[in-house]
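Numbering (the numbering used here), first residue to last: 9 to 337.
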Ligand code: SF4
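Here is the structure:
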């Protein structure tokens with residue numbers, strides 16, 4: 009059996025502060041297979057971006073991976089030396105961020121940036137690398153790529169810049185792409201194009217994608233599976249169809265209210281009262297209990313662990329086996 013492109017096992021990320029150690033990521037485990045898109049969703053502060061940064065080894069002090077393991081295609085990478093991790097980041101893991109200008113240097117032509125990246129990670133000559141860069145620009149939907157390759161980033165629209173960043177991420181044929189809110193800054197119609205593009209490229213290149221977003225609608229469009237995070241932990245994970253159709257965790261049910269339907273019919277506008285807790289004040293027991301309409305006594309003092317229920321895994325006492333307490337009505 010081939011190893012998953014990405015495997016997290018009991019990942020723990022802590023931040024040392026004057027008030028003590030804060031757990032930003034607490035015992036998170038999941039896999040992403042080759043060619044699979046895993047959506048990681050949750051409100052701001054859920055830990056989804058920190059999870060992505062942990063995978064690519066970019067947690068800045070005073071944060072650190074304090075436990076667990078990260079494996080890329082079967083190789084453990086969380087314990088690599090900084091230099092070795094830098095090479096993994098460029099070659100084996102591609103990155104796409106919300107703002108394309110995070111990845112593009114405004115002072116260099118996009119072609120120079122693509123050619124340099126290709127030549128860093130391959131043995132192609134300058135001419136062959138330029139040819140490859142033009143092919144990549146064409147593949148991500150840039151028209152007249154042999155002319156646009158000599159343009160500067162500011163000469164591209166936001167959506168086109170994000171396409172260039174996707175081409176940049178693909179330069180070294182990575183095993184994994186981490187895309188953090190890649191469409192949030194774009195117009196709705198452009199968002200749909202970028203989503204379609206990412207989905208097609210993941211399929212065609214066999215690249216695993218970890219898509220970090222707060223937007224359940226984007227996840228429903230593109231992802232094969234979805235991991236819902238809350239207060240640094242996994243609340244629910246499973247095939248996107250199952251989680252969207254039959255969310256098991258009360259927090260996921262609340263997030264589902266954020267998916268509009270095209271005709272408005274069937275849109276569920278459930279508001280989740282309250283806000284994501286700060287890392288300094290994670291509630292005891294189930295961290296969601298102060299906001300949960302179904303909380304009962306056990307939720308306040310016992311932390312639920314992820315359990316398989318239907319085709320999902322869910323961390324909620326409502327799905328404990330066997331039930332020993334009735335939930336409050
Ligand atoms: Fe709600 Fe309790 Fe389930 Fe947490 S464990 S989501 S508080 S029912």
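Glycine included, each C-beta is placed from N, C-alpha and C at the ideal position.
Can you give, in chain order, each stretch of the alpha helix (DSSP H) that sits fully within the region 287-312 and has at least 4 residues? 305-309
I think residue 217 touches residue 210, with their Cβ atoms under 8 Å apart; what is that distance to the nearest whole Å? 5 Å
Going along the chain, which unbroken runs of the alpha helix (DSSP H) with 4 or more residues stay wholly within the region 51-122? List check, alpha helix (DSSP H) in window: 56-63, 90-99.
Quick one: is residue 102 buried, meaning 16 or more other Cβ sit within 10 Å of its Cβ, or exposed? buried
Given residue 15, which residues of its chain have a CB within under 7 Å of its CB, disregarding the five upstream and five downstream residues? The residues are 39, 79.
Quick check: the region 54-71 against the region 9-26, are there 3 or more CB pairs under 8 Å? yes
Residues near residue 300 by beta carbon distance below 6 Å, same chain, minus five either side: 258
In its own chain, which residues sit with a C-beta less than 7 Å from the C-beta of residue 177, not counting the 5 before and 5 after it? 102, 103, 104, 185
Closer than 5 Å from C-beta to any heavy atom of ligand 1: which residues, in chain order? 258, 294, 296, 297, 300, 302, 303, 307, 312, 324, 325, 326
Does the structure place the region 237-249 close enough to the region 286-306 that three or more beta carbon pairs sit under 8 Å? yes
Please state if the CB of residue 111 and the CB of residue 183 are separated by a distance shorter than 8 Å. no
Report yes if the CB atom of residue 76 is closer than 8 Å to the CB atom of residue 140, and no otherwise. The answer is no: Cβ separation not under 8 Å.
Roughly how many angstroms lie between the CA atoms of residue 276 and residue 231, to the nearest whole one? For residue 276, the pLDDT reaches just 47, beneath the cut-off of 50, and the residue's location in the model is therefore unreliable, although a value from the coordinates is still provided. The alpha-carbon of residue 276 is positioned some 21 Å away from that of residue 231.
Could you pull out every residue in the same chain whose Cβ sits closer than 6 Å to the Cβ of residue 61, ignoring the five residues on either side in sequence? Counting only residues of its own chain and dropping the five nearest sequence neighbours on each side, residue 61 has a CB closer than 6 Å to the CB of 67.
By the DSSP assignment, the alpha helix (DSSP H) with residue 235 in it spans what residues? Where residue 235 is concerned, there is no enclosing alpha helix (DSSP H), although the beta strand (DSSP E) it sits in stretches over 233-238.
To the nearest angstrom, how far is it from the Cα of residue 303 to the Cα of residue 239? 16 Å
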